[in-house]
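Below is one structure, written out as structure tokens; comments come after it.
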Amino acid sequence: DTGVSQNPRHKITKRGQNVTFRCDPISEHNRLYWYRQTLGQGPEFLTYFQNEAQLEKSRLLSDRFSAERPKGSFSTLEIQRTEQGDSAMYLCASSLGSTLEQFFGPGTRLTVL
Amino acid sequence: AQRVTQPEKLLSVFKGAPVELKCNYSYSGSPELFWYVQYSRQRLQLLLRHISRESIKGFTADLNKGETSFHLKKPFAQEEDSAMYYCALKGGSEKLVFGKGMKLTVNP
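Heads up: the sequence lines are chains S and B, in that order. Residue 40 in our numbering sits at position 40 of the first sequence, and the numbers go up by one each step. Residue 136 in our numbering sits at position 23 of the second sequence, and the numbers go up by one each step.
Okay, here's the thing in structure tokens:
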């Protein structure tokens, strides 16, 4: 499968724990995006990278959230001191340059107990 | 502010009936509008975008700037069209702003 991949697919954690998710974009896609989707809602933008540079961050991305894309390939999203309100599907997408289509991964479903 | 509104959450029709999924947007500039679809147990994928002015799987959508709408239409729905549909807007940045989505069910 040459599409966007995300790991893990599911994560259950206790409140207060830290979690990290990984996204592997489509090879050679230089843009990578993170979105969050809660039940009954559409995806909400969190942040976006062009190569290794984080160019835009949503106000949804509190200081407990951090994202990196150190070598311009895969990306990680870390949530520190998780809260029950962080329970959601975390989606990653990638795109190539100026093309408009964002290709989505299958998502990581986070449940905070 | 950028906003996308999908006023209906659910739509159920019989096979062969026409469907129209409504999408209204709010954006002061010139937006780029998209329809994404998510079939059961599959990932979100692009269905069509307004600049392409193309028909995909029999679906079309026309951007109406006067009414700030981008409704998705298909004259004869098929069972395989059953899915979640999301309207999305891109305006002035790289992020997509999505509506809440609409579940289309096409009954046999």
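C-beta: ideal position from N, C-alpha, C; glycine also.
Residue-level contact by beta carbon fails for Phe183/B and chain S, as no gap is shorter than 8 angstroms. By the beta-carbon neighbour count (other beta carbons within 10 angstroms, threshold 16), Asp86/S is buried.
Cα atoms of His163/B and Leu146/B: separation of roughly 6 angstroms, rounded to the nearest angstrom. If you look at Arg15/S, you'll find it isn't in any beta strand (DSSP E); DSSP assigns it neither H nor E. Between Gln80/S and the set Gly105/S, Leu55/S, Thr20/S, Arg59/S, the nearest pair of CA atoms involves Thr20/S. For Phe172/B and Pro188/B, the gap between their C-alpha atoms comes out near 8 angstroms.
Ala88/S and Ser168/B have their C-alpha atoms roughly 33 angstroms apart.
With the rule of 3 Cβ pairs closer than 8 angstroms, the stretch 19-39 of chain S does not count as touching the stretch 174-192 of chain B.
Within the stretch 185-204 of chain B, those residues whose Cβ lies closer than 7 angstroms to any Cβ of chain S are, in chain order, Tyr199.
DSSP places Ser206/B outside both helix and strand once states are collapsed to three, so it counts as coil.
Annotated as proximal: Arg69/S and Leu32/S, with beta-carbon spacing under 8 angstroms.
DSSP, reduced to helix, strand and coil, places Ser66/S within a strand of the structure shown. Look at Phe74/S: its C-beta is not under 8 angstroms from any C-beta on chain B. Taking one beta carbon from each stretch, the stretch 124-139 of chain B and the stretch 31-45 of chain S have fewer than 3 pairs nearer than 8 angstroms; the two do not touch. In the three-state DSSP reduction, Ile26/S falls in the coil class, being neither helix nor strand. As a beta-bridge residue in DSSP terms, Val219/B pairs with Val126/B.
Residues of the stretch 85-107 of chain S whose Cβ lies closer than 9 angstroms to any Cβ of chain B, in chain order: Leu91, Ala93, Ser95, Leu100, Glu101, Gln102, Phe103, Phe104, Gly105, Pro106, Gly107. Of all residues in the stretch 54-70 of chain S, those with a C-beta nearer than 9 angstroms to a C-beta of chain B are Leu55, Glu56, Ser58, reading in chain order.
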